[in-house]
Amino acid sequence: MIGTARQQPAEAVADGPAGARGRPWIDIARWRDLSLVPVIFVLGVIGFIVSPAFLTEDNLIGVVQQSTELGLLVLGEALILISGRMDLSLESTIAVAPVIALWLVLPSHGARFEGLGLLPVWTAIPLCLAVGGLIGAANGFLMLKLRVNGFIATLGMLTMLRGLQVGIAEGQSIVNVPESFRYLGKAEWLGAPAAVWLCLGLYALGGLALGYLRHGRALYAIGGNPEAARAAGIRVDRITWIVLSVGGMLAAFAGILYTGHYGSVAATQGNGWIFQVFAAAVIGGISLKGGRGTLFGALTGVLTLQLVVNVMTLGGVPPLWNQFINGSIIIVALIISRYASGEKQD
Amino acid sequence: MVRAEGVVKRFGPTVALDHAQLAVRSGEAHALVGRNGAGKSTLVSVLTGMERPDEGEVTFSGEPAPGYGDTAAWQRRVACVYQKSMVVPHLTVAENLYLGRFQGAGRIRWRALREEARALLGEYGVDVDPRTRAKDLGVEQRQFVEIARALSFGARLIILDEPTAQLDAGGIDRLFTKLLELRRQGVAFLFISHHLQEVYDLCDTVTVFRDARHVLTAPVADLPKEDLVVAMTGDGEGAPGGASRAPVRVPARAPVTARKADPDGEPVLRTEGLTLEDEFAPLDLVVRPGEVLGLAGATASGNTAIGETLVGLRKPGGGRVSVRGRPVRSGSVPHAIDAGIGYVPEDRHDQGLVLGRSVAENATLTVTDQLGPYGTVLPSRTRAFAQRMITSLDIKTSGPAQPVSGLSGGNQQKVVIARALAREPSVLVAIRPTAGVDVKSKDALLGVVRDVAAAGSGALIVSDELDDLRVCDRVLAFFHGRVVAEFGSGWSDRQLVAAMEGMTEPGTDRTTDSTAGGTEDRTGGPQT
């Protein structure tokens with residue numbers, strides 16, 4: 021169903037340049053951001069038909085809550101992709117940042133997980149964000165200073181950081197999470213989980229930055245043509261570095277929300293998510309080549325993925341098939357994006 | 002050996018070759034000269050079977066040319082040594098020589114391969130160890146290896162595309178020695194060069210192309226340099242076609258603006274001893290308000306590198322740049338832009354534009370700090386700014402929101418210029434500002450550059466296009482990184498082309514000792 025709904029924009033783009041120049045382009049460009057909205061709507065209708073439980077408040081809030089952690093990773097990845105880079109290590113950051121933060125603040129005696137107790141407990145959240153930022157900065161160092169291949173460098177980081185987490189937490193989940201660290205993930209504000217508001221707020225901030233800040237606009241130029249950006253006086257390396265750090269911090273923040281939501285840092289937290297992250301970003305219209313896409317599109321990509329899973333669960337598709345379906349969606353999305361962007365390239 | 006007749010090749014609406022003809026005899030050294038866009042490269046593509054001609058016929062020793070796509074058959078007849086290397090850098094010389102045609106079935110016998118390679122190189126007197134990796138070879142050795150490879154395919158016609166551009170005098174000398182030797186074995190050469198002196202040193206026959214047409218073919222000995230340059234530029238009688246196009250608008254513009262340039266004003270741009278190793282020698286430049294200075298030079302003459310150094314894309318090896326008396330930090334684009342240097346890059350697709358983004362975004366890329374408070378960029382101001390640019394430069398677009406990929410070449414270039422002018426620079430550095438745009442846009446673009454100067458700024462045009470240089474008040478001609486001539490406003494095409502092609506005035510000849518007489522005793526190949 022996603023396939024057929026997405027077919028239309030692809031064809032419309034194909035017709036665009038062949039027909040009149042100018043006007044249609046603008047309309048298509050606008051429409052592209054919204055192209056997943058009808059898909060989400062269709063998924064809603066299907067969900068309603070499949071199960072009466074779909075349109076209940078509990079179910080919908082559940083879907084949105086589950087979208088927040090993935091959504092924050094996608095937000096970080098989208099910013100990085102728009103500026104023409106990629107970071108695979110985000111899926112490890114979501115786990116290793118909370119683990120390191122908790123390791124530094126938890127007391128060294130008395131619980132199953134023994135920390136170092138070096139710093140007061142209230143520093144856990146700032147520490148977690150700082151660790152995320154540092155990981156992003158380390159990725160930036162590898163890519164921008166040493167000029168190694170970003171894909172392999174962050175793939176190495178992914179494995180290394182997962183190993184670091186397993187080493188520190190001794191392969192176990194950390195359950196004695198301090199209350200302050202849990203609050204954001206489980207609190208409810210105005211009838212919805214705080215995480216949802218925070219996630220929406222960060223998306224709005226990101227969207228505003230991309231639309232209205234000069235350094236935000238610069239991401240599109242850097243991703244679209246780094247040489248042109250450099251020749252126009254944009255500090256390409258510096259901005260890319262900042263974006264990578266921000267991506268790491270967002271992943272760390274996703275880790276805080278996830279930990280609060282489930283009350284513990286699971287040993288496998290975030291494991292394998294990076295594929296979903298890329299899938300959501302690509303379905304949402306973010307170009308893997310950089311320079312194209314919007315955060316709104318990315319957000320609809322996340323919601324689409326989560327809704328598909330939810331509808332299938334409610335429709336009685338055995339959970340064991342989830343992985344298969346997820347993979348198929350990623351492939352379908354890639355094919356669509358190939359055609360949607362392939363037409364536009366010259 | 003090879004004969005091409007009535008060859009026509011069109012790329013869309015442009016005619017790249019218009020009934021071109023060329024004939025190279027066995028053992029001949031034939032020069033093919035012409036300015037950029039004359040159709041030389043297209044002819045080479047046709048002769049090497051890379052492009053299929055729309056009309057006309059190519060024959061090799063009387064037989065019709067192999068079918069299009071039959072690479073092996075083409076390779077047995079003709080080979081081209083390009084400026085860009087065609088060898089695989091990480092493989093050894095031996096592997097490169099036999100790439101895709103290893104002898105025997107089954108596994109590769111390395112020892113035998115090396116021996117064969119050694120024998121092959123020896124046969125042509127190339128002194129290179131076959132075990133060397135191709136990337137470790139110098140330009141000169143690499144060319145020898147490529148020539149040897151071409152010959153080993155059985156080709157007896159070798160096309161050399163600007164083989165001397167990256168060689169020093171000694172290397173050129175050894176290359177010429179080698180070529181003379183091979184000619185005695187019956188190998189013919191088609192020699193493409195921007196360096197006319199070399200044509201006289203090496204070749205027997207020269208063919209001139211201009212505007213996609215064959216202009217003349219003559220023995221080099223019977224053709225004075227003067228006449229050769231005239232044939233290339235079409236400046237003068239006996240050259241039908243392009244003669245009328247150039248001089249028309251020159252008198253109208255040049256004197257008017259020359260008067261405006263203020264000889265005593267504080268220079269808008271000054272360089273002192275600016276230099277970059279392997280690119281250009283220490284250079285002192287002064288551009289005064291109202292002046293348009295041209296830096297003329299062919300590919301690899303260093304003029305492009307000077308432009309890129311001025312705008313901070315390259316870090317100079319030494320020297321200073323100052324704008325309106327204030328020093329500019331070198332090697333940093335943001336500092337150069339802040340200091341008031343506007344930049345129109347050489348290739349708008351590479352460095353000029355973010356193709357997928359809108360006209361407004363591209364035009365305001367350099368001024369994002371002026372479009373709103375506290376680092377914000379307000380869409381309304383961006384649109385207004387872009388709209389002003391669109392109006393003042395007459396950019397043909399459906400509106401500021403149109404992606405630049407949908408614009409024509411001329412209008413895309415205007416967007417690049419808009420971007421450079423957005424900060425109202427003190428000096429505009431434009432590298433080949435009219436490359437690939439139509440005649441009308443060309444006039445408009447050059448008019449904009451003149452207007453910038455008329456408003457009290459300076460401009461620097463880096464180009465090899467005579468039309469670009471014609472709007473300059475003063476032109477410096479570069480060759481091998483050095484200024485070889487300076488012209489006021491009254492130069493003729495002939496003089497400038499001669500200077501750019503490295504044909505110096507009598508008495509100041511280049512030091513290259515490449516005369517044919519002394520080659521007999523230098524057959525030992527390059528010294529290592």
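Chains A and B, in that order, are what the protein sequence lines are. Per this note's numbering, residue 21 is the first one in the first sequence, and the count goes up by one each step. Per this note's numbering, residue 2 is the first one in the second sequence, and the count goes up by one each step. Beta carbons are placed, not taken as given, at the ideal position from N, Cα and C, and that holds for glycine.
Item, Value
"Best match in B:MET233, B:THR206, B:GLY341, B:THR165 for proximity to ALA222 of chain B [C-alpha to C-alpha]", "B:THR206"
"LEU126 of chain A versus LEU166 of chain A: straight-line alpha-carbon distance, rounded", "36 Å"
"Extent of the continuous beta strand (DSSP E) run through GLY320 of chain B", "319 to 324"
"Rounded separation between SER265 of chain A and ALA272 of chain A - CA only", "11 Å"
"Proximity test, LEU92 of chain A beta-carbon vs the ligand HEM heavy atom, cut-off 6 Å", "As presented, the structure is devoid of all ligands, the ligand HEM included, so that no description of it is given."
"For HIS31 of chain B, the residue or residues it bridges with in DSSP", "B:LEU191, B:THR206"
"Close beta carbons around PRO241 of chain B, own chain, < 7 Å, minus the five adjacent residues each side", "Low confidence applies to PRO241 of chain B: its pLDDT is 39, below 50, so where it sits in the model is not reliable, and the reading given next is rough at best. Same-chain partners within the cutoff: there are none."
"Cβ pair LEU470 of chain B, GLY295 of chain B closer than 7 Å", "yes"
"Helix, strand or coil at THR218 of chain B [DSSP, three-state]", "strand"
"GLU267 of chain B (DSSP reduced to helix, strand or coil)", "coil"
"Neighbour-count burial assignment, ILE69 of chain A, 16 or more Cβ in a 10 Å radius", "exposed"
"Assigned secondary structure, GLY42 of chain A (DSSP; H/G/I helix, E/B strand, else coil)", "The predicted position of GLY42 of chain A is uncertain, since its pLDDT is 38 and thus under 50; a value taken from the coordinates is nonetheless stated next. Note: GLY42 of chain A maps to coil in three-state DSSP."
"Backbone secondary structure at ALA247 of chain B - three-state DSSP", "Note on ALA247 of chain B: pLDDT 37, under 50, position unreliable in the model; the coordinate value appears next. Here ALA247 of chain B sits in coil by DSSP."
"Chain B residues whose Cβ lies nearer than 7 Å to that of LEU233 of chain A", "GLY376, THR377, VAL378"
"Beta-bridge partners of ALA460 of chain B, as assigned by DSSP", "B:VAL293, B:LEU429"
"is_contact[PRO44 of chain A, chain B] using C-beta, thresh 7 Å", "Low confidence applies here, because PRO44 of chain A scores a pLDDT of 43, under 50, leaving its location unreliable; read the following figure in that light. Output row for PRO44 of chain A: interface = no."
"Local conformation of PHE479 of chain B per DSSP, three classes", "strand"
"Which of helix, strand or coil DSSP assigns to ASP494 of chain B", "helix"
"Neighbour flag for ALA248 of chain A against chain B, beta carbons, 7 Å", "yes"
"Stretch pair the stretch 339 to 346 of chain B + the stretch 319 to 331 of chain B: three plus CB contacts closer than 8 Å", "yes"
"Integer Cβ distance of TYR223 of chain A from LEU95 of chain A, believed to fall under 8 Å", "6 Å"
"Closest Cα partner of PRO54 of chain B within the set B:VAL200, B:PRO67, B:PHE386", "B:PRO67"
"Environment of GLU502 of chain B [buried if 16+ CB atoms lie within 10 Å]", "buried"
"Beta-carbon proximity of GLY313 of chain A to ILE114 of chain A, cut-off 7 Å", "no"
"Contact check, GLY308 of chain B vs VAL463 of chain B, beta carbons under 7 Å", "yes"
"Given LEU98 of chain B as reference, the closest of B:GLU227, B:THR178, B:LEU158, B:LEU122 once Cα atoms are compared", "B:LEU122"
"Extent of the continuous alpha helix (DSSP H) to which TYR99 of chain B belongs", "Careful: TYR99 of chain B lies outside any alpha helix (DSSP H) and carries neither H nor E."
"For ALA478 of chain B and LEU461 of chain B, believed in contact at Cβ under 8 Å, the rounded distance", "In fact, because the Cβ distance is near 14 Å, the residues do not count as touching under 8 Å."
"Contact between the stretch 127 to 147 of chain A and the stretch 247 to 260 of chain A (3+ Cβ pairs under 8 Å)", "no"
"Burial state of TRP111 of chain B, where buried means 16 or more other Cβ atoms lie within 10 Å", "exposed"
"Length of the line joining the Cα atoms of ALA207 of chain A and ILE194 of chain A", "20 Å"
"Nearest candidate by alpha-carbon position, reference GLU124 of chain B, set B:ALA445, B:LEU229, B:THR383, B:SER153", "B:SER153"
"Burial state of LEU447 of chain B, where buried means 16 or more other Cβ atoms lie within 10 Å", "buried"
"Inter-residue Cα distance where the pair is VAL3 of chain B and SER427 of chain B", "54 Å"
"Residues near VAL186 of chain A by beta carbon distance below 8 Å, same chain, minus five either side", "ALA287"
"Cβ neighbours of ILE59 of chain B in the same chain (closer than 6 Å, five flanking residues each side left out)", "Looking at the sequence provided, one finds Val at residue 59 of chain B rather than Ile. Taken in chain order, the residues that qualify are ALA5, ALA66."
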